[in-house]
Amino acid sequence: MSEISRRSALKALGLATASAVVGSSTLKDNLLGGESLSQVFPQIPAEDNLFPFEGVHQAGILTDPPDAILVASLQVIPTTLDGLVQIMKILTERIRALMAGQLGPVVDESDQFPPKNTGDMGYDQLNEGHLTILVGLGSSLFIQGGQDRFGLAAKKPLALKPMPRDLIGDKLNPDLLDGDILLEISSDHPLENMHALRDILRNTKGLLSPLWMQPGFQRHQKNVPVGQANVRTVLGFKDGTTNLDVNNDDLMNTMVWTGTEEPSWAQGGTYMALRLIRESIEHWDRQSLESQQNSIGRYKVSGASLDNITEVQLPDYADDPDGNTVPLDAHIRKANPRLGPESEKRRILRRGYMYLNGFDKSGLLDGGAIFHAFCRNVEEQFEYIKRNYMTNRNFPKTNTGVQDLDEYMFAVGGGYFFIPAGVQSDGRFLADALLLG
Numbered sequence: 000m001s002e003i004s005r006r007s008a009l010k011a012l013g014l015a016t017a018s019a020v021v022g023s024s025t026l027k028d029n030l031l032g033g034e035s036l037s038q039v040f041p042q043i044p045a046e047d048n049l050f051p052f053e054g055v056h057q058a059g060i061l062t063d064p065p066d067a068i069l070v071a072s073l074q075v076i077p078t079t080l081d082g083l084v085q086i087m088k089i090l091t092e093r094i095r096a097l098m099a100g101q102l103g104p105v106v107d108e109s110d111q112f113p114p115k116n117t118g119d120m121g122y123d124q125l126n127e128g129h130l131t132i133l134v135g136l137g138s139s140l141f142i143q144g145g146q147d148r149f150g151l152a153a154k155k156p157l158a159l160k161p162m163p164r165d166l167i168g169d170k171l172n173p174d175l176l177d178g179d180i181l182l183e184i185s186s187d188h189p190l191e192n193m194h195a196l197r198d199i200l201r202n203t204k205g206l207l208s209p210l211w212m213q214p215g216f217q218r219h220q221k222n223v224p225v226g227q228a229n230v231r232t233v234l235g236f237k238d239g240t241t242n243l244d245v246n247n248d249d250l251m252n253t254m255v256w257t258g259t260e261e262p263s264w265a266q267g268g269t270y271m272a273l274r275l276i277r278e279s280i281e282h283w284d285r286q287s288l289e290s291q292q293n294s295i296g297r298y299k300v301s302g303a304s305l306d307n308i309t310e311v312q313l314p315d316y317a318d319d320p321d322g323n324t325v326p327l328d329a330h331i332r333k334a335n336p337r338l339g340p341e342s343e344k345r346r347i348l349r350r351g352y353m354y355l356n357g358f359d360k361s362g363l364l365d366g367g368a369i370f371h372a373f374c375r376n377v378e379e380q381f382e383y384i385k386r387n388y389m390t391n392r393n394f395p396k397t398n399t400g401v402q403d404l405d406e407y408m409f410a411v412g413g414g415y416f417f418i419p420a421g422v423q424s425d426g427r428f429l430a431d432a433l434l435l436g
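Mapping to numbering that gives the first Met the number 0: the sequence shown position 179 is 178, numbers consecutive.
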């Protein structure tokens, strides 16, 4: 059989099979050209595997974090406001479809064009679920090199700026910093994250160019009692103990969501400090258990602070002023000194993932943490904690030094981003109040 005849036979066989699946309906009506899911594989993701796209706030902040993450920083190519509006409309359209589990048609209208469905998620129309795609705006979108790129400088969120380059202990790689737009894609499986990123990049070709990206992972324990952490860090300690309660609306409105202090379009959003933190894994693994626990200030297995028995008990530093039980330079003491209202107003909503990029040139593991701090004001909360508590050598007492944990970790990248409020209706798009107001 000639190659042409073989192709014709295979195509005929494929069409016959498809026709048998859809019954009396025409092939065109059921397989070709539609933007909705094909009826060839009618299984639709269960609703409990999907987070809603629409809401007062973007999904991916208060929602339960799934096990896989991918952060991608992008640069805006157009130089006009209209071009930026086009980008945000496309992002809104694609994120809405992806979060609804819409992977694209099984069969395209013509085999002479690239398929709309990349196929990496298969063709059964089932995604792994719990996908969220968070969109953040960098300071360079408002002002870059002193230039007001899109006429938005006067509307810049008050505390938005490039991530500081002078934080003690940081070893920042300029190729892993900041960006115009940040996409944070989270789901139950890294393949779904890759599919979502491919979809967005394909649909914004010529509009957005990639700067840097970092995939990550986590293992979330199920059915963990309230107040206890359900994940651990690369270092093996519980992560998220005494985190802010996302179910407490008053607390979220006070500590996370922006208010009337910001331009009207930015109210109801939040700031995100994103830190890519390299950890000296082999160095840490050589430390004694006692040394590790003193560095963190908690027992490794139970998560309890060194002055307590259970994880949910709060440390009492007033009863340990000299750090005989919980060292003065322990992480939990430097990050949250529990000074009453003064330190309470600095607290942040934390979210952490791990990453592993292989080996470095010295043969050491290139891995660590993807750390998030969501807060109402990134300067008064995250950055204040970092500068005045954690890296302040004279806090909580003179000559305390920086936190001991800094011997084993340092930031290599990340950025400050502003997360606009969510989209609440079909006719709206992300950050439209900024771009059209």
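A virtual CB, placed ideally from N, CA and C, is assigned to each residue, including glycine.
By DSSP, does residue i sit in helix, in strand, or in coil?
i	result
residue 453	For residue 453 there is no data in the structure shown, the boundaries of the chain being 0 and 436.
residue 213	strand
residue 237	strand
residue 332	helix
residue 383	helix
residue 403	helix
residue 427	coil
residue 197	helix
residue 361	coil
residue 378	helix
residue 353	strand
residue 42	Here the model assigns residue 42 a pLDDT of 47, short of 50, so the residue's position is not dependable and the matter cannot be decided.
residue 191	helix
residue 251	helix
residue 185	strand
residue 441	Lying before the first or after the last residue shown, residue 441 is absent from the chain, which here runs from 0 to 436.
residue 96	helix
residue 132	strand
Measuring alpha carbon to alpha carbon, tell me which residue in the options is nearest residue i.
i	options	result
residue 65	352, 163, 110 and 78	352
residue 160	425, 416 and 428	416
residue 277	425, 284, 131 and 408	408
residue 302	178, 228, 262 and 244	228
residue 230	70, 368 and 429	368
residue 129	329, 114, 99 and 317	99
residue 363	274, 284 and 73	284
residue 433	192, 263 and 113	263
residue 342	82, 388 and 359	388
residue 317	419, 327 and 269	327
residue 248	267, 241 and 260	267
residue 337	313, 359 and 139	313
residue 176	311, 138 and 151	138
residue 448	393, 193 and 403	Residue 448 lies beyond the range of the chain shown here (0 to 436); nothing can be said about it.
residue 215	186, 225 and 243	186
Measuring straight from C-alpha to C-alpha, what distance separates residue i and residue j?
i	j	result
residue 423	residue 55	6 angstroms
residue 237	residue 395	24 angstroms
residue 111	residue 117	15 angstroms
residue 168	residue 293	20 angstroms
residue 372	residue 196	23 angstroms
residue 155	residue 282	42 angstroms
residue 47	residue 255	26 angstroms
residue 158	residue 143	15 angstroms
residue 413	residue 219	23 angstroms
residue 291	residue 304	13 angstroms
residue 261	residue 166	26 angstroms
residue 199	residue 251	30 angstroms
residue 107	residue 122	12 angstroms
residue 435	residue 136	16 angstroms
residue 297	residue 51	37 angstroms
residue 147	residue 162	19 angstroms
residue 188	residue 430	28 angstroms
residue 339	residue 225	23 angstroms
Residues in its own chain within less than 6 angstroms of residue i by CB, not counting five upstream and five downstream?
i	result
residue 421	54, 55, 56 and 57
residue 384	345
residue 103	115 and 116
residue 448	Only positions 0 to 436 of the chain appear in the structure, and residue 448 is not among them; the question remains open.
To the nearest whole angstrom, what separates the beta carbons of residue i and residue j, a pair I think is in contact under 8 angstroms?
i	j	result
residue 80	residue 141	Not really, about 12 angstroms apart at Cβ, beyond 8 angstroms.
residue 239	residue 346	With 8 angstroms as the limit, residue 239 and residue 346 do not qualify as a contact, their Cβ atoms being about 13 angstroms apart.
residue 183	residue 234	Their Cβ separation, rounded to whole angstroms, is 23 angstroms, which puts residue 183 and residue 234 out of contact at 8 angstroms.
residue 381	residue 272	4 angstroms
residue 402	residue 333	4 angstroms
Who are the near neighbours of residue i in its chain, counting only those whose CB is closer than 7 angstroms to its CB and skipping five residues on each side?
i	result
residue 41	Residue confidence is low: residue 41 scores 45 on pLDDT, short of 50, so the model does not pin down where it sits. Its coordinate-derived value is still stated next. Taken in chain order, the list of residues that qualify is empty.
residue 190	119 and 120
residue 222	none
residue 210	72, 73, 74 and 178
Among the residues of its own chain, which have a CB less than 8 angstroms from the CB of residue i, if the five just before and after it don't count?
i	result
residue 86	75, 77, 180, 203, 206 and 207
residue 443	Lying outside 0 to 436, the shown extent of the chain, residue 443 is not represented and no answer is given.
residue 366	233, 277, 278, 280, 353, 354, 355 and 356
residue 410	166, 168, 169, 170, 171, 274, 275, 276 and 277
residue 375	253, 254, 255, 256, 257, 258, 269 and 270
residue 390	166, 167, 168, 401, 402 and 405
Could you confirm whether any beta carbon from chain C is found closer than 8 angstroms to the beta carbon of residue i?
i	result
residue 363	Within the model displayed, chain C is absent; a lone protein chain is all it includes.
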